[in-house]
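Residue 292 in this note's numbering is what sits at position 291 of the sequence shown, and the numbering runs on without skipping anything.
Beta carbons: idealized from backbone N, C-alpha and C, even for Gly.
Take a look at the structure set out below.
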Amino acid sequence: MVNSKPYVIGIDMGGTNTVFGIVDARGVVLASNSIKTRKHANINDYIDELYEETMRLVKQLDAEGKIFGIGVGAPNANYFTGMIEDGVNLPWPTPIPFAQMLSDKFGIPVAITNDANAAAIGEMTYGVARGIRDFIMITLGTGVGSGIVINGQLVYGHDGFAGELGHVIVKRNNGRLCGCGRTGCLETYCSATGVARTAREFLELREDPSLLRNMPIEDITSKDVYDAAMAGDKLAQKVFEYTGNILGEALADFTVFSAPEAFVLFGGLAKSGELLLKPLRESMERNMLSIWKGKVKILSSELKEADAAVLGASALGWEAKSVTSTMAQLSSTAPAAPVA
């Protein structure tokens, strides 16, 4: 039987931009666009613009009445309640009943989860993790996110927030201060900002010559470190070796928890290639419990960077109807959300 609603809408809400698009069942992004997340001080004005710009794409594709559901990836979004519960990078008071607000506006079911979980769902539906029932998605961007899949199901935990592996402590003594308030979290070392931080520390504590000494130390980014490393800069290469060692140790520890077949790496830092992957693999195998040595794969995302955010969110849209039903059951216990 032909599906009368063969499309979904994928929305990825970032702290700066919100990317959205129309996706078909094969995982093809048919049209996409973006708006500025922080443009509106009032959440209702933001939703109005998001609706208008999304419907512009829907009309261009002659897809009115053909949208099955909407999937949303957003910071600190709760899959069970449909709420954005702590949007530290968003301009509106939280919690926000975002899924319900979107569903009311568009008149179709909406499912929401955090961005790393959306990436895991996208990879499992359209990418390199197709056919893999046990894997852990690791997103290496400004922070470190994760989505844990066990027996083909994403793990949400009892409250919807399972899988914050970026906040596992990897340095107990004299660890770096994390934005979460704790010290020594994985993301303070193995994110893009962590790489830049390591480079600055190396430059201050070591006397090695480096191309990075030709720029203001406070302006150094992970891209600068990558470019220097690719140009043969030994100090920059040591930064990636240090980062890969820490991440490899962490992945060996994560394996003990869920015995994944693979780790899937996604994000800007994951594109560093063997600069990061070689020390990562060596460190992971060196620290792996013997029963898993040589058994766990390190895979890189197959999703196109330009489409990845929309694809990850859109994959959730196919299950939006069931999630909306769950939200309705929970709504009586959900906290009221202030609206600016």
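Under the three-state DSSP convention, the category residue i falls into
i	result
Ile221	coil
Ala335	Reliability of the predicted coordinates at Ala335 is poor, the pLDDT of 47 falling under 50, and no value is obtained from them.
Thr191	Note that residue 191 is Cys in the sequence shown here, rather than Thr. It is helical.
Tyr157	coil
Met125	helix
Val29	coil
Ala383	Outside the displayed span of the chain (2 to 341) sits residue 383, for which this structure offers no information.
Ser5	coil
Ala251	helix
Ser147	strand
Phe162	coil
Asn152	coil
Gly16	coil
Val111	strand
Gly182	coil
Met102	helix
Ala341	Confidence is the limiting factor: at Ala341 the pLDDT is only 38, short of 50, which leaves the residue's position unreliable, though a coordinate-based value still follows. In this structure, Ala341 counts as coil in the three-state DSSP scheme.
Val196	helix
Val24	strand
Arg134	coil
Gly176	coil
Gly318	helix
Gly167	helix
Gly11	strand
Close-in-space but distant-in-sequence residues of the same chain around residue i (CB under 7 Å, 5 per side omitted)
i	result
Thr55	Ile10 and Phe21
Gly15	Thr38
Phe1	Residue 1 falls outside the range modelled here, since the chain spans only 2 to 341, and no answer is possible.
Ala316	Gly72, Ile122, Gly123, Thr126 and Tyr127
Ala341	With a pLDDT of 38 at Ala341, under the threshold of 50, the modelled position of this residue cannot be trusted, and the question is left open.
Leu312	Gly11, Val24, Gly28, Val30, Gly123, Tyr127 and Leu304
Asp308	Val30
Leu331	Residue confidence is low: Leu331 scores 48 on pLDDT, short of 50, so the model does not pin down where it sits. No coordinate-derived value is stated.
Lys322	Gly70 and Pro110
Ala163	Ile149, Val156 and Tyr157
Ile133	Glu262 and Ala263
Val257	Leu290
Arg173	Gly185
Neighbourhood of residue i by C-beta, 8 Å cutoff - its chain only, sequence neighbours within 5 removed
i	result
Ser35	Asn18, Thr19, Val20 and Phe21
Leu178	Thr184 and Thr189
Lys294	Glu286
Gln238	Ala230 and Leu276
Ser333	Unreliable positioning characterises Ser333 in this predicted model, as indicated by a pLDDT of 47, which lies under 50. The coordinate reading is nonetheless provided below. Result list for Ser333: empty, nothing under 8 Å.
Cys181	His168
Contacts around residue i, its chain only, beta-carbon distance under 6 Å, and the 5 residues preceding and following it disregarded
i	result
Lys40	none
Ala78	Ile85, Ile113, Thr114 and Asn115
Gly176	Thr184 and Gly185
Ala338	A caution first: Ala338 carries a pLDDT of 45, below 50, which makes its placement in the model unreliable, though a value can still be read off. Cβ neighbours of Ala338 beyond the five flanking positions: Pro96, Ile97 and Pro98.
Glu250	Ser284 and Asn288
Tyr47	His41
Pro280	Glu242, Gly245 and Asn246
Whole-number beta carbon distance between residue j and residue i, since they are thought to touch under 8 Å
i	j	result
Leu212	Phe241	Contact doesn't hold; Cβ gap of about 14 Å is too wide.
Trp1	Phe69	For the chain, the structure presents residues 2 to 341; residue 1 sits outside this window and is missing.
Thr143	Ser192	6 Å
Ala314	Ile12	5 Å
Ala32	Pro7	That belief does not hold up - the Cβ atoms of Ala32 and Pro7 are roughly 14 Å apart, past 8 Å.
Met206	Ile218	In the sequence on display, residue 206 carries Leu and not Met. About 12 Å; that fails the 8 Å criterion.
Asn152	Asp135	7 Å
Val196	Leu270	7 Å
Any C-beta of chain D under 8 Å from that of residue i
i	result
Val145	Within the model displayed, chain D is absent; a lone protein chain is all it includes.
- [ ] Please go through the stretch 32–95 and give each complete alpha helix (DSSP H) segment of 4 or more residues, from N-terminal end onward.
- [x] Every alpha helix (DSSP H) of 4 residues or more that sits fully in the stretch 32–95 is shown, in chain order, as 44–61.
Task: the stretch 110–124 in contact with the stretch 289–298 per 3-pair CB rule at 8 Å - done: Fewer than three Cβ pairs drawn from the stretch 110–124 and the stretch 289–298 lie within less than 8 Å of each other, which leaves the two stretches out of contact.
- [ ] Inspect the CB distances between the stretch 257–265 and the stretch 132–149 and report whether three or more fall short of 8 Å.
- [x] yes
- [ ] Would you be able to state if there are at least three C-beta pairs under 8 Å between the stretch 232–248 and the stretch 278–286?
- [x] yes
- [ ] Could I get the ranges of all uninterrupted alpha helix (DSSP H) runs contained in the stretch 244–306, with 4 residues as the minimum, in chain order?
- [x] 275–288
Task: Touch test, the stretch 156–172 against the stretch 296–304, Cβ-Cβ under 8 Å, three pairs minimum - done: no
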